[in-house]
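*Asks:* Counting from 1, position 13 in the sequence shown corresponds to residue 656 in my numbering; the numbering is continuous, with no gaps.
The C-beta atom is built at its ideal place from N, Cα and C for all residues, glycine as well.
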Amino acid sequence: MILVFVMVIMKLFSPSRQLHTPTNLLLLSLAVCDFLVGFILMPFQILLTEPCWFLGDLLCTLFYLVAFFTVSASVVNVVLISVDRYIAVCHPLIYPINVTERRIRISVLFSWIYSFFYSLLILSDNLKKSGRFNSCDGECVIGIIGAVDVILIFILPISAIIILYVRVFVVAVSQARSMHSQVASVKLQRSLTVTVQRSELKAARTLGVVVVVFLMCYCPYYCVSLSGSNLMVGSPSEVLMIFLIYCNSLLNPLIYAILYPWFRKSVKLIVTLQILRPNFHAGNVLYS
644 MILVFVMVIM KLFSPSRQLH TPTNLLLLSL AVCDFLVGFI LMPFQILLTE PCWFLGDLLC
704 TLFYLVAFFT VSASVVNVVL ISVDRYIAVC HPLIYPINVT ERRIRISVLF SWIYSFFYSL
764 LILSDNLKKS GRFNSCDGEC VIGIIGAVDV ILIFILPISA IIILYVRVFV VAVSQARSMH
824 SQVASVKLQR SLTVTVQRSE LKAARTLGVV VVVFLMCYCP YYCVSLSGSN LMVGSPSEVL
884 MIFLIYCNSL LNPLIYAILY PWFRKSVKLI VTLQILRPNF HAGNVLYS
């Protein structure tokens, strides 16, 4: 499902410049994160549930490096999506001016660079000497700077996401009431404006669901970290909470499949290989 999600997003980008919107660029970046989680992190995480790690200390460190890199990139992308929806809904007049494709590309690039250096920082002790925290051969144990992890990947992003979406929710409710009161007497120009507003509100609702699911998946692990409780490495509780974080990447495609008709249609076209036809155009998926 994650692979289909990535294929849908990439197929929407390749044939048509008009689909290269700021929001779609952010979704593409998030889709790449989901792909990495599903096809790299989860299989290796399953190996970690085994009594013995057979791949050596170096691969153990590299796995956690990719894990922290991907998870942090996913978090930053969700924050960027929240900022994008906040400006689109709360400041629609300045959105086309301030939120350009170029700026979003720079923001996405920054998010991946930031995540890379964050993962190096959080695993700095392990990178100096792989396997230094193993108590015996066959273990894959790392040491991280817990305070940095909780602050940069949980407290600050979650605070920003909640504040932005509370504001978006308040404005969205206000706009919905305003549109309802004006719907009987709008002229053509205002009708087009109402259509655009409804589209933005629908996008805000969908991405709001993405954020709520994100919070549900990340909060258990980091709430335990904040409480000061220590989890045994490889314990059922630890494995469950880590897989819950990874499940966030599995749920994102399902959210879009449920809430977006064009996504369901795109999945059907990919599964039936209709996207390989010469006359296929991504715009037909969105606007048909």
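1) Look up residue 693 in the DSSP assignment and say whether it is helix, strand or coil.
2) For the putative contact between residue 888 and residue 719, defined by C-beta atoms under 8 Å, what is the C-beta separation to the nearest angstrom?
3) Which same chain residues, not among the five before or five after residue 722, have their C-beta less than 8 Å away from its C-beta?
4) Are the CB atoms of residue 730 and residue 738 nearer to each other than 7 Å?
5) Go through its chain and collect everything with a Cβ distance to residue 672's Cβ below 6 Å, but skip five positions before and after it.
6) Check each candidate in 768, 793, 709 and name the one with the smallest Cα separation from residue 866.
7) What residue ranges within the region 712–746 form continuous alpha helix (DSSP H) runs of no fewer than 4 residues, ordered along the chain?
8) Between residue 692 and chain B, is there a C-beta pair that is closer than 7 Å?
9) Can you give me the start and stop residues for the alpha helix (DSSP H) that residue 678 sits inside?
10) If you draw a straight line from the alpha carbon of residue 677 to that of residue 710, how long is it in whole angstroms?
11) Going by other Cβ atoms of all chains shown within 10 Å of its Cβ, with 16 needed for buried, is residue 716 buried or exposed?
12) Going by other Cβ atoms of all chains shown within 10 Å of its Cβ, with 16 needed for buried, is residue 740 buried or exposed?
13) Use the C-beta contact count for residue 712: other C-beta atoms within 10 angstroms, 16 or more gives buried, fewer gives exposed.
14) What residue from 816, 864, 669, 853 has the CA that sits closest to residue 745's CA?
15) State buried or exposed for residue 968, treating a residue as buried only when at least 16 other CB atoms are found within 10 Å of its CB.
16) Quick test of your reading: residue 854 and residue 898, contact by CB under 8 Å. State the CB separation rounded to the nearest angstrom.
17) Out of 766, 728, 749, 675, state which residue places its alpha-carbon closest to the alpha-carbon of residue 701.
18) Can you look up residue 698 in the DSSP assignment and give me helix, strand or coil?
19) Pop quiz: residue 732 and residue 680 are said to be a contact at Cβ under 8 Å. What is the actual Cβ separation, rounded to whole angstroms?
20) By a C-beta neighbour count over all protein chains shown, 10 Å radius and 16 as the cutoff for buried, is residue 831 buried or exposed?
21) Which of the three DSSP states, helix, strand or coil, is assigned to residue 766?
22) Throw me the rounded Cβ distance for the residue 742 and residue 665 pair, which I believe falls under 8 Å.
23) Only counting the same chain, and skipping five residues up and downstream in sequence, which positions put a Cβ closer than 7 Å to that of residue 755?
*Replies:* The structure says:
1) coil
2) 15 Å between Cβ atoms; not a contact.
3) 800, 803, 804
4) yes
5) 720, 751
6) 793
7) 738–741
8) This model lacks chain B altogether, as it is built from one protein chain only.
9) 665–679
10) 12 Å
11) buried
12) exposed
13) buried
14) 669
15) Because the chain spans 644 through 931 in this model, residue 968 falls outside it and cannot be assessed.
16) About 10 Å; that fails the 8 Å criterion.
17) 766
18) coil
19) No, residue 732 and residue 680 are not in contact; Cβ-Cβ is about 28 Å, not under 8 Å.
20) With a pLDDT of only 45 at residue 831, under the threshold of 50, the placement of this residue in the model should not be trusted, and no figure is reported.
21) coil
22) 5 Å
23) 716
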